Amino acid sequence: MTDERPLAFVVQRYGQDIVGGSEALCRSIAEMLNISRPVEVLTSCAKDYMTWRNEYKAGTSTLNGVRIRRFAVDFERDHRFYEAMSTILGGMPLSAYHQHRALMRRMIGRSSTEQQLACLRLEGPYSTPLLDYLAAHHQDYSQIVFFTYLYPTTFFGSQQVPASKTVLVPTAHDEAPIFFPVFRQMFERFPAFIFLSPEERAFIEQTFAVDEAQKMTIGMPVELTSVPDAARFRAKYRINQPFLLYAGRIDPSKGCNRLLSHYRAARRHLPLPLILIGNKVMDLPRDPDIRYLGMLPEQDKLDAMAAATVLINPSPFESFSIVVLEAMLCGTPVLVNGHCEVLRGHVWRSNGGLYYETGFEFVEALRLMLADDELRTRMGENGATYVQRNYARDAAGKAYLSFLGEQAG
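To convert, note that position 37 of the sequence shown is 36 in numbering that gives the first Met the number 0; the numbers rise steadily by one, no gaps.
See below:
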């Protein structure tokens, strides 16, 4: 007999105007699956991941046919979280993980359970009403799918429901917090996982004892919401010359400080501007060749990708990278940080760009790409074919339905 109860998707924040990667993944899958079986999203009232301030109204609402239940956050993220993490890391910032990986792993591994749990609560969003709802109403749902391993919505939320009916979409990568010892028990409790990339799956299988769990690598559907128009972007923003593009959160944790350093070195040999679009959470240098356009409408973002000579993603930590795949669909070659296995994997499998690991390699890769129009064209075509073959909406939807159906059975 078919279980007609809805699926529950638990995620830290959710909304039309929320562009975070795992949040976009959750919304995309919820709207896609809701056509075939009912989905309810259980989430917080927060919109801003830096503060988790309650901005949405608590209660039920509907977005694109998906029912949403929002719960108030107990407290905002503030200095206490950063102080707690700094104490564990001996004063080192999280952004230093790439340079001090082994040391930071050891320090995190030595932290007490009390320190770890306090840090997770303070990181937020921590919502007692959401946790209470899960404990009281989990039987109303056929399965409960948790998105993103990192936040209290998953860590504490998964403790409120029987493990047998849970699935985790971890959206995980090699970063300092994942080595908190308390996450070992959490990962080992989940009976099923959905991964976004082969590299994410390999990392989790190497890090946690999940051999007995059911696992599937699906990714997420990637499609353009409209036809990109490079000429429209150039005319609107008065950019006529070739340019490099960065799209996404402008943040040191995303490698943007190193991107600026590499770009300034490359500019001595390759004089073309760097355009940045997205939410800016760090200062940018005053430089006429570095232009920040802000948060663009979706159409303008796609137009910018189509107009760019090369899209650059300098992030050392990604579990999927929607922006790289969107750029590939726009026919634009990409240059990515080779220290990120997921980004490197996309480039290897697609032949849609190049990767770099040092400043010298950044300069030389750009030199090669910019000197050969035919090479860039082939890379752009290769990238578009790769995304169409691997991340088409229909194929992803069938894979999610099939896997979740098997777990429910």
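Glycine is no exception: its CB is placed at the ideal position from the N, C-alpha and C atoms. Since the model is a prediction, treat every value here as computed from it, not as a measurement.
Apart from the five residues on each side of it in sequence, which residues of its chain come closer than 8 Å, Cβ to Cβ, to residue i?
i      : result
Gln138 : none
Ile289 : Leu259, Tyr262, Pro272, Leu273, Leu275, Leu283
Tyr399 : Ile28, Met31, Leu32, Ile193, Ile217
Gly344 : Ser196, Pro197, Glu198
Mapping DSSP to helix, strand and coil, what is residue i?
i      : result
Phe74  : coil
Asn312 : strand
Arg257 : helix
Phe146 : strand
Val160 : coil
Lys214 : strand
Val221 : coil
Asn53  : strand
Leu195 : coil
Ala7   : strand
Ile177 : helix
Gly344 : helix
Glu317 : coil
Ser141 : coil
His99  : coil
Decide if residue i is buried, meaning its Cβ has at least 16 other Cβ atoms within 10 Å, or exposed.
i      : result
Gln142 : buried
Val362 : buried
Leu367 : exposed
Asp302 : buried
Arg200 : buried
His172 : buried
Closer than 6 Å by C-beta to residue i: which residues in its own chain qualify, once you throw out the five before and the five after it? Chain order, please.
i      : result
Trp51  : Ala45, Val72, Glu75, Arg76, Gly123, Pro124
Gly396 : Met31
Val386 : Val221, Leu324, Met327, Leu328
Pick out whichever of the options has its Cα sitting closest to the Cα of residue i.
i      : options                        : result
Gly254 : Tyr355, Pro287, Tyr13, Met106  : Tyr355
Ala307 : Ile321, Leu334, Pro287         : Leu334
Arg26  : Ser318, Gly64, Gly58           : Gly64
Met185 : Leu149, Ala135, Gln205, Met219 : Leu149
Asp2   : Val38, Gly14, Gly352           : Val38
In the DSSP output, which residue or residues are listed as bridge partners for residue i?
i      : result
Leu367 : For Leu367, which the question treats as bridged, DSSP gives no partner whatsoever.
Arg69  : Thr42, Gly58
Gly293 : Ile276
Tyr354 : Val335
Tyr245 : Leu275
Val168 : Phe146
Within a Cβ cutoff of 7 Å, which residues of the same chain sit near residue i, ignoring the five residues on either side of it in sequence?
i      : result
Ala127 : Contrary to the premise, residue 127 reads as Thr rather than Ala in this sequence. Asp73.
Ile17  : Lys46
Met120 : This sequence places Arg at residue 120; Met is not what is there. These residues qualify, in order along the chain: Pro151.
Ser163 : Pro190
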